[in-house]
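Right, one structure below, let's go through it.
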Amino acid sequence: MEETMYGKDQISCNQSGKYFLRDRFMKISVLLIAGWVCLLGSAATSSGAAEPSKLLLAHGAISANVTPLWIAKEQGLFRKYGLDVDLVFIIAGRATQAMMAGQVPVGLVGATHVTNVATSGGDLVMVLGLQNTLDYLFVARPSIKSGEELKGKKVAIGTPAGSASLATYVALDHLGLQPRRDNIVLLGIGGVPERLGALRSGSVEATSLSPEFGQIVVSEGYRVLVDTGKENLPFQSSGIVVPRSLLRSNPQLVENLSKAIIEGVAFVHKPANKEVVLRSLAKNLRLDKPDRVEKAYQQLVGELPKKPCPSMEGVVSVLKLMTQHGLNAKAGQVKPEEIVDMSLCKKFEDSGFFRSLY
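Going by numbering that gives the first Met the number 0, 175 is the number at position 176 of the sequence shown; the sequence numbering is gapless.
In structure tokens, the structure reads:
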């Protein structure tokens, strides 16, 4: 049950090989990661090779927008393109740290984290965009009936510059609240399991959750104060990120990986595949109630771009919000072109690859 997975202090590994790592196990995870990264210099082409190239891909959150990766793994799309990909969950800020340390070559993380790397002299760049809006539910405990009642209370955020944290700032703005003025304590609790646990235990009064998990606590009586998805705010919440050095030194590997993920996106969008996608969502998100799985599916299909390219408008919004809320004083000096590389998307458009999938 999802209540078990997202309310307990644990590491778990499911049959697909995804590891859910808590902060205090980070040293162990680094050793694990180092053991998986190999053969980057011998990426196979789509025609296949005897030995597929092993590749580790870290996703910085547990949410429905990881589904194209799960599908690509489960349906053999990575292997179709000569890749043996293992997926590992590492909370986004630490995922980019692992990438910069050379322990993970590819990540599914947000533009906020790429911005932090860019302002620190790093070379990460986003080549695909899997979530181009800021879609979170700002959920409060049942006793909180309005934003006014959050004054003097505690609110859980994720990593300081993560999308969930920015969603919280946007929600507080929408409610006319300012953390410093209104004595609202923002606690960097961590990922979804930690924030859900803090909310349920009463350690905090509110937090931002992706819709599939927000709906779980809403069904338990918790209250949605703000739905940022209804604001239609362009925002590059997540995308496939690689080092520019890898894009230069092994463009075929990055192209093959991108094609497999794009085919995963197309698989999700085809109605004939709905039951397969529902099963994947239920398994990977630990959703055991059909209505919750259906809601997660509908939300995913409605938001997942058929052409999963980064949104320049969404990146501009990220840079603006990070500057506005003091999350990175240098973000305003960063150009969107430093965060994303559209060359693969242009190639897929010009070659007809996108069109061939629908």
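Don't be surprised by glycine CBs; every beta carbon is placed ideally from N, CA and C.
What you are looking at is a predicted structure, and each value in this text was computed from that prediction instead of being measured.
| query | What is the DSSP secondary structure of P51, counted as helix, strand or coil? | reply | In the sequence shown, counting from the first residue as 1, residue 51 sits at position 52. Reduced to three states, the DSSP call for P51 is coil.
| message | Residues in the same chain with beta-carbon distance under 7 Å from R243, minus the five sequence neighbours each way, listed in chain order, please. | response | Locating residue 243 in the sequence shown gives position 244, counting from the first residue. Result list for R243: D122 and V124, in chain order.
| said: If I follow the unbroken beta strand (DSSP E) through Q298, where does it start and stop? | reply: Taking the sequence shown and counting its residues from 1, the one referred to as residue 298 is at position 299. Counting along the chain, Q298 falls outside any beta strand (DSSP E), though it belongs to the alpha helix (DSSP H) covering P289 to E302.
| Do L107 and V84 have their C-beta atoms closer together than 7 Å? | In the sequence shown, counting from the first residue as 1, residue 107 sits at position 108. In the sequence shown, counting from the first residue as 1, residue 84 sits at position 85. No, the pair does not count as a contact, with Cβ atoms beyond the cut-off.
| task | Could you round the C-beta distance between A205 and V154 to whole angstroms and report it? I think they count as a contact, below 8 Å. | result | Within the sequence shown, residue 205 is the residue found at index 206, counting from 1. Within the sequence shown, residue 154 is the residue found at index 155, counting from 1. Contact flag correct, Cβ pair sits at about 5 Å.
| Nearest candidate by alpha-carbon position, reference L245, set L185, M98 and I183 | Counted from its first residue, the sequence shown places residue 245 at position 246. With distances taken between Cα atoms, L245 lies closest to M98.
| For S200, which of helix, strand or coil comes out of DSSP? | On the sequence shown, residue 200 is found 201 positions in, with the first residue counted as 1. Of the three classes helix, strand and coil, the one that applies to S200 here is helix, per DSSP.
| request: Starting from M321, follow the alpha helix (DSSP H) in both directions and report where the run begins and ends. | output: For the purposes of this step, residue 321 is taken as residue 322 along the sequence shown, with counting starting at 1. Unbroken alpha helix (DSSP H) run through M321: M311 to Q323.
| said: If we require 4 or more residues per run, which alpha helix (DSSP H) segments fall completely within the region 182-232? | reply: 191-200 and 210-217
| What's the C-alpha gap between P104 and Y357? | As a position in the sequence shown, residue 104 is number 105, starting the count at 1. As a position in the sequence shown, residue 357 is number 358, starting the count at 1. Those two C-alpha atoms are separated by around 30 Å.
| message | If you measure between the beta carbons of D262 and L76, is that distance less than 7 Å? | response | Reading the sequence shown from its first residue, position 263 is the one you call residue 262. Reading the sequence shown from its first residue, position 77 is the one you call residue 76. Residue 262 is actually Glu in this sequence, not Asp. Closer than 7 Å, so yes.
| request: Measuring alpha carbon to alpha carbon, tell me which of G161, L343, F352 and Y135 ends up nearest P254. | output: Mapped onto the sequence shown, residue 254 falls at position 255. In the sequence as presented, Pro is not what sits at residue 254; that position holds Glu. With distances taken between Cα atoms, E254 lies closest to L343.
| field | Residues near V315 by beta carbon distance below 7 Å, same chain, minus five either side | value | Translated into the one-based positions of the sequence shown, residue 315 becomes position 316. Closer than 7 Å at Cβ, skipping near neighbours: P335.
| message | Under 8 Å, with one C-beta from each stretch per pair, do the region 201-219 and the region 274-292 reach the 3-pair mark? | response | yes
| Leaving out the 5 sequence neighbours to the left and right, which residues in its chain are closer than 8 Å to R222 when beta-carbon positions are compared? | Numbered from its first residue, the sequence shown carries residue 222 at position 223. Taken in chain order, the residues that qualify are V138, A139, R140, P141, I143 and K144.
| task | Tell me where the beta strand (DSSP E) around Q130 begins and ends. | result | Position 131 of the sequence shown, counted from the start, is the residue given in the question as residue 130. Start and end: L123 to T132.
| query | In three-state DSSP terms, what is S236? | reply | Residue mapping note: residue 236 aligns to position 237 of the sequence shown, counting from 1. Of the three classes helix, strand and coil, the one that applies to S236 here is strand, per DSSP.
| query | Would you call N231 buried or exposed, if buried means 16 or more other Cβ atoms sit within 10 Å of its Cβ? | reply | Within the sequence shown, the letter at position 232 stands for residue 231. Answer is exposed; the Cβ neighbour count stays below 16.
| said: Helix, strand or coil, according to DSSP, for A160 in the structure here? | reply: The residue you call residue 160 lines up with position 161 of the sequence shown. DSSP places A160 in coil when its eight states are reduced to three.
| Proximity of S257 and G128 at Cβ, strictly below 7 Å | Start at 1 with the first residue of the sequence shown, and residue 257 comes out as number 258. Start at 1 with the first residue of the sequence shown, and residue 128 comes out as number 129. No, they are not a contact pair.
| query | For T95 versus V267, is the C-beta distance shorter than 7 Å? | reply | Working through the sequence shown from its first residue, we reach residue 95 at position 96. Working through the sequence shown from its first residue, we reach residue 267 at position 268. Contact flag unset, no.
| task | Report the residue from T158, V169, T111 and V241 whose alpha carbon sits nearest the alpha carbon of A57. | result | Indexing the sequence shown from 1 puts residue 57 at position 58. Nearest of T158, V169, T111 and V241 to A57, Cα basis: V241.
| query | Is it the case that the Cβ atoms of S197 and A71 are separated by a distance below 7 Å? | reply | As a first step, residue 197 is located in the sequence shown; it is residue number 198 there, counting from the start. As a first step, residue 71 is located in the sequence shown; it is residue number 72 there, counting from the start. Note that residue 197 corresponds to Ala in the displayed sequence, not to Ser. No, the Cβ-Cβ distance between A197 and A71 is not below 7 Å.
| said: Which of the three DSSP states is assigned to G59 in this structure? | reply: Taking the sequence shown and counting its residues from 1, one reaches residue 59 at position 60. Correct three-state label for G59: coil.
| field | Enclosing beta strand (DSSP E) for V105 [first to last residue] | value | On the sequence shown, residue 105 is found 106 positions in, with the first residue counted as 1. Residues V105 to V108.
| query | How long is the line joining the alpha carbons of M341 and E348, rounded to whole angstroms? | reply | Counting from 1 along the sequence shown, the entry for residue 341 is found at position 342. Counting from 1 along the sequence shown, the entry for residue 348 is found at position 349. Cα to Cα, the separation comes out at about 11 Å.
| Hey, out of K346, F353, K329 and V339, whose CA is closest to N115's CA? | Numbered from 1 along the sequence shown, position 116 holds the residue referred to as residue 115. Selected option, being the one with the closest Cα: K329.
| task | Apply the 10 Å Cβ neighbour rule to N64 and answer buried if 16 or more other Cβ atoms are within range, or exposed otherwise. | result | In the sequence shown, residue 64 corresponds to position 65, counting from 1. It is buried - the Cβ of N64 has at least 16 other Cβ atoms within 10 Å.
| request: Could you please give the first and the last residue of the uninterrupted beta strand (DSSP E) stretch that includes L136? | output: Here residue 136 corresponds to residue number 137 of the sequence shown, with the count starting at 1. Note, L136: beta strand (DSSP E), L136 to A139.
| Whole-angstrom distance between E50 and S236, CA atom to CA atom | Taking the sequence shown and counting its residues from 1, the one referred to as residue 236 is at position 237. Taking the sequence shown and counting its residues from 1, the one referred to as residue 50 is at position 51. The alpha-carbon atoms of S236 and E50 are separated by roughly 34 Å.
| query | What is the C-beta distance between S207 and Y135, in whole angstroms, given that I count them as a contact (C-beta under 8 Å)? | reply | Within the sequence shown, residue 207 is the residue found at index 208, counting from 1. Within the sequence shown, residue 135 is the residue found at index 136, counting from 1. The beta-carbon distance between S207 and Y135, rounded to whole angstroms, is 4 Å. This is short enough to meet the 8 Å contact definition.
| Can you give the Cα-Cα distance for G351 and K306, rounded to whole angstroms? | Taking the first residue of the sequence shown as 1, we reach residue 351 at position 352. Taking the first residue of the sequence shown as 1, we reach residue 306 at position 307. Here the C-alpha atom of G351 lies approximately 12 Å from the C-alpha atom of K306.
| Local conformation of P242 per DSSP, three classes | If you number the sequence shown from 1, residue 242 lands on position 243. Strand, per DSSP.
| request: Compute the Euclidean distance between the alpha carbons of P192 and K288, then round it to the nearest angstrom. | output: As a working mapping, residue 192 is identified with position 193 in the sequence shown. As a working mapping, residue 288 is identified with position 289 in the sequence shown. Using only the alpha carbons, I get a separation of about 18 Å.
| said: Taking the beta strand (DSSP E) that V87 belongs to, which residues open and close that run? | reply: Here residue 87 refers to the residue found at position 88 of the sequence shown. Start and end: L82 to F88.
| request: Apply the 10 Å Cβ neighbour rule to R354 and answer buried if 16 or more other Cβ atoms are within range, or exposed otherwise. | output: Working through the sequence shown from its first residue, we reach residue 354 at position 355. Exposed, because fewer than 16 other Cβ atoms sit within 10 Å of the Cβ of R354.
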